[in-house]
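> Each residue of the sequence shown is one higher than the one before, counting from 3 in our numbering.
Before I ask anything, here is the structure I am working with.
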Amino acid sequence: MPKNHPFADRWNHNSQQYPRVAELIADQQLVLDVGCGEGTLARYLAGQGHQVVGIDPDSSVLPDDSENTHFMIGDATGLPFADDSFGAVVSVMVLHQTKLELALVEMRRVLRPGGVLVNVGYARNKGVGETLVSIADIPGNLVGRVGTTRWEPPTIKMDALLGWTETRDAIESILPGASWERVGGWRYLSVWQRP
Ligand SMILES: C[S@@+](CC[C@H](N)C(=O)[O-])C[C@H]1O[C@@H](n2cnc3c(N)ncnc32)[C@H](O)[C@@H]1O
């Protein structure tokens, strides 16, 4: 129920997915949050026992380091880390703001073998089918936010250019075998484990 959700008091279409992201990377110690913004997801994951590095090009929102978090300026398309560095890479609502393929290649590169890459994002409705799926999300979202407090962090927002299917195809071309599903809040969730 939303009122028991850890982000019920900071509710938006991204934060509602943070617990799911945390579940998916529970076994990984060192985590990179790409496009971390003001750091709420990174701090949440650190609170669950992970060591988290957050990276974002927008210095105006990057927070100070806190326990088990380190934040730095950087870009998804040129991650300043060695190959095989992280057990998990997570990224929420970032791929549509950058060169998606380049960012995925970089996320894949810095992930160690066996590591988990989680992307949450959104896309543009292209065609009747995609529009209908998005319309079908409306009732669940209206019900889901009852009892929550809307949260609007001061991070950069942009419209998506790629459609949902285009985004899925692009992800699967870089990350063969990645899962991909539409989740609440007009988002997709994609998970890939590096062989
Ligand atoms: C909509 S915000 C999402 C922030 C955060 N992940 C969240 O869950 O609230 C998008 C973030 O992506 C960052 N961003 C945009 N282009 C980026 C890039 N090329 N590399 C890394 N981050 C980028 C923006 O600065 C912004 O903080």
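Yeah, the Cβ is synthetic: ideal placement off N, Cα and C, and Gly gets one too.
All figures in this text were calculated on a predicted structure; none of them were measured in a lab.
Looking at ligand 1, does it come within less than 8 Å of Ala125, judged from the CB to the closest heavy atom?
no
> By DSSP, does Glu103 sit in helix, in strand, or in coil?
helix
> Taking only three categories from DSSP, how would you classify Glu183?
When secondary structure is reduced to three states using DSSP, Glu183 falls in the strand class.
> Buried or exposed for Met160, going by 16 or more other Cβ atoms inside 10 Å?
It counts as exposed.
> On the DSSP letters alone, give me the boundaries of the alpha helix (DSSP H) that Val63 sits inside.
Note, Val63: premise wrong, no alpha helix (DSSP H); not H, not E.
> Does ligand 1 have even one heavy atom less than 8 Å from the beta-carbon of Gly187?
no
> Please list the segments of the beta strand (DSSP E) lying wholly inside the segment 111 to 189, counting only runs of 3 or more residues, in order along the chain.
113 to 123 and 181 to 185
> What number of angstroms, rounded off, separates the C-alpha of Trp188 from the C-alpha of His98?
Separation of Trp188 and His98 (C-alpha to C-alpha, rounded to the nearest whole angstrom) is 13 Å.
> Please report how far the alpha carbon of Gln19 lies from the alpha carbon of Ser62, in whole angstroms.
24 Å
> Rounded to the nearest angstrom, what separates Met74 and Gly56 at their Cα positions?
6 Å
> Going by DSSP in three states, Ser17 sits in which element: helix, strand or coil?
helix
> Return the chain-ordered list of same chain residues with a C-beta closer than 8 Å to the C-beta of Glu168, the five sequence neighbours on each side being excluded.
These residues qualify, in order along the chain: Ala125 and Lys128.
> Rounded to whole angstroms, what's the CA-CA distance from Val135 to Leu164? Just pull it up for me.
16 Å
> For ligand 1, is there a heavy atom less than 8 Å away from the beta-carbon of Asn16?
In this structure, Asn16 has its CB closer than 8 Å to one or more heavy atoms of ligand 1.
> Given a cut-off of 9 Å, decide if Ala84 and Val118 are closer than it, judged by their beta-carbon atoms.
no
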